[in-house]
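Enquirer:
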Amino acid sequence: MPIVKRALSVVSGGVLLLLGGCALEGPQSTFSTVGYVAKKQLDLFMLTYWLGLIVFIGVAAVLAYTLWRYRQKPDDDGSLPPQIHGNVPVEIGLTVLPVIFLVIIAVPTVRLILELDQRAEQRDATELEVIVTGYQWWWSFEYPELGITTANELHLPAGERVNLRLRSADVIHSFWAPRIAGKKDLIPNQDNEMWLIADEPGSYLGQCAELCLGAHAYMRFRVIVDDEESFAAWTEAFREAETQRVATDPLVSRGAQLFKSKGCAGCHAIAGVSTNRVGPDLTNFGLRTSVAAGVLENTPENLARWLRDPHEVKPGNYMPALWSEGDPSAEEEIAALVAYLESLGETEERLAGGTYGDR
Ligand code: CUA
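For the sequence shown, my numbering gives the first residue as 704, with consecutive numbering after it.
1. State the DSSP-derived secondary structure class of G1057, mapped to helix, strand or coil.
2. Answer with buried or exposed for Q839, where buried requires no fewer than 16 other C-beta atoms within 10 angstroms of its C-beta.
3. Could you pull out every residue in the same chain whose Cβ sits closer than 8 Å to the Cβ of D894, ignoring the five residues on either side in sequence?
4. Is the closest heavy atom of the ligand CUA to the C-beta of G1029 under 8 Å?
5. Taking only three categories from DSSP, how would you classify Q825?
6. Relative to the alpha-carbon of L857, which residue among I875, T836, A912 has its alpha-carbon at the smallest distance?
7. Just reading off the alpha helix (DSSP H) that G755 is part of, what are its end residues?
8. Between P1023 and K963, what straight-line distance do the alpha-carbon atoms span, to the nearest angstrom?
9. So, are the CB atoms of V955 and S1046 less than 9 Å apart?
10. May I have the straight-line CA-CA distance separating N987 from V714, to the nearest angstrom?
11. Is any non-hydrogen atom of the ligand ADP found closer than 8 Å to the C-beta of E913, if you look at the structure I gave you?
12. Which whole runs of the beta strand (DSSP E) in the stretch 830-905 are 3 residues long or more, in chain order?
13. Taking 6 Å as the limit between beta carbons, can you name the residues of its chain near Q731, skipping five residues before and five after?
14. Opposite R1115 in the DSSP bridges: which residues?
15. Under 8 Å Cβ to Cβ from D984, same chain only, skipping five residues before and after it: list those, please.
16. Starting from the Cα of A698, find the closest Cα among K887, G905, L750, K965 and give me that residue.
17. Check the C-beta distance from W879 over to R822 and give it rounded, since I have them as a contact under 8 Å.
18. Would you call I900 buried or exposed, if buried means 16 or more other Cβ atoms sit within 10 Å of its Cβ?
19. Going by the C-beta, is H971 closer than 8 Å to any heavy atom of the ligand CUA?
20. Tell me whether L721 is buried or exposed, calling it buried when 16 or more other Cβ atoms sit within 10 Å of its Cβ.
21. I'd like to know if the stretch 987-1005 and the stretch 913-928 are in contact, where contact means that at least 3 CB-CB pairs between them fall below 8 Å.
22. Within a Cβ cutoff of 8 Å, which residues of the same chain sit near R709, ignoring the five residues on either side of it in sequence?
23. Is the beta carbon of L1010 closer than 9 Å to that of L990?
24. Which residues share a DSSP beta bridge with D929?
25. Going by DSSP in three states, I973 sits in which element: helix, strand or coil?
26. Which of helix, strand or coil does DSSP assign to Q775?
27. Is there contact between the stretch 795-802 and the stretch 732-745, where contact requires at least three CB pairs shorter than 8 Å?
28. Measuring only from the beta carbon, is W898 closer than 8 Å to any heavy atom that is part of the ligand CUA?
29. Can we count S843 as close to the ligand CUA, meaning its CB is less than 8 Å from some heavy atom?
30. Would you decide whether D779 is buried or exposed? Buried here means 16 or more other CB atoms lie within 10 Å of its CB.
31. Suppose contacts are defined by Cβ-Cβ distances below 9 Å. Is T812 in contact with L711 by that definition?
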């Protein structure tokens, strides 16, 4: 008996621990939706869930009743009870009931699949389009009509339908912003499309949902849903950045010069400075809320930490450490690069407005 008891307490303890991980309101919870597509998908899930619950309760009740009703009794002589083969009403019932349940689930499922697919193909010319490209292990977001290319933070206007064209530069990734819409794969040489509508301004987490090796778990992004005014300010910031302004601060100018001489410009684009897009485009980097594809908050300290040792922050990524250990000029150069990158896009008015994401 003690073994059974111990086993029971281990199992129930384990179940409690697992339940502790459940949160309907988590930052990446599909149960707290903020978009039309995610809401429709949740409705479908809940319909399936409630029907499943009805089936479960029905089956469990019949099972429990049978176990109790036909349990062994003290006067049982051990002989078999009468054997029954076939019961027409029960057999018909058990065939028809599942068919009814499946039809109730299938009709809205197929309808939603068609709606999401059809609307992805029929694009209204006035709707915003974003080309999303997955790279190992970060995201490029390109707005062809607005002439904007940015990385890891997808700005969207609230309440408007946005069409995403999904591409991959290397292996299969999957775009997933759980609170806004279901996931869809980014496949090399196969253009996929999806659309979404984000309802409320705010900053929402996203995550690559397809194992893409190396730093897959760190391939995060943020969807920053702006009200009309903030979105206009954000796009305007990119128009102004056509040749990225550099503040007159000597530390910033030193950083701008190091950006070229230390090799950063060989991989990263900055409007008017370099055009290489091996790594994320850094135009208006100072407006970003995160560093290293959503791994760290964008603060000068975190950016310095990232530059000092990218592999400590995000193991397996392709960004090299630019200073060998004990390099006496490392800290001074890192400080200059941080000052330069954080200055990009940060004009006085904009800082005062404070309209960007969490900052
Ligand atoms: Cu990209 Cu996982």
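For glycine and all other residues, C-beta sits at the position ideal for the given N, C-alpha and C.
Expert: The structure says:
1. Note that G1057 scores a pLDDT of 44, beneath 50, so its modelled location is shaky and nothing firm can be said.
2. buried
3. R868, L869, R870
4. no
5. coil
6. T836
7. 739-772
8. 15 Å
9. yes
10. 52 Å
11. As presented, the structure is devoid of the ligand ADP, carrying the ligand CUA as its sole ligands.
12. 831-838, 841-846, 851-854, 856-860, 864-871, 876-880, 884-889, 895-900
13. P881, L908
14. Residue coverage of the chain in this structure runs from 704 to 1062, which leaves residue 1115 outside it and unanswerable.
15. S843, T852, T853, A854, H971, A972, I973
16. This structure leaves residue 698 out entirely; the chain is present only between 704 and 1062.
17. Actually they are not in contact, since the Cβ atoms of W879 and R822 sit about 19 Å apart, beyond 8 Å.
18. buried
19. no
20. exposed
21. yes
22. none
23. no
24. P860
25. strand
26. coil
27. no
28. no
29. no
30. exposed
31. no
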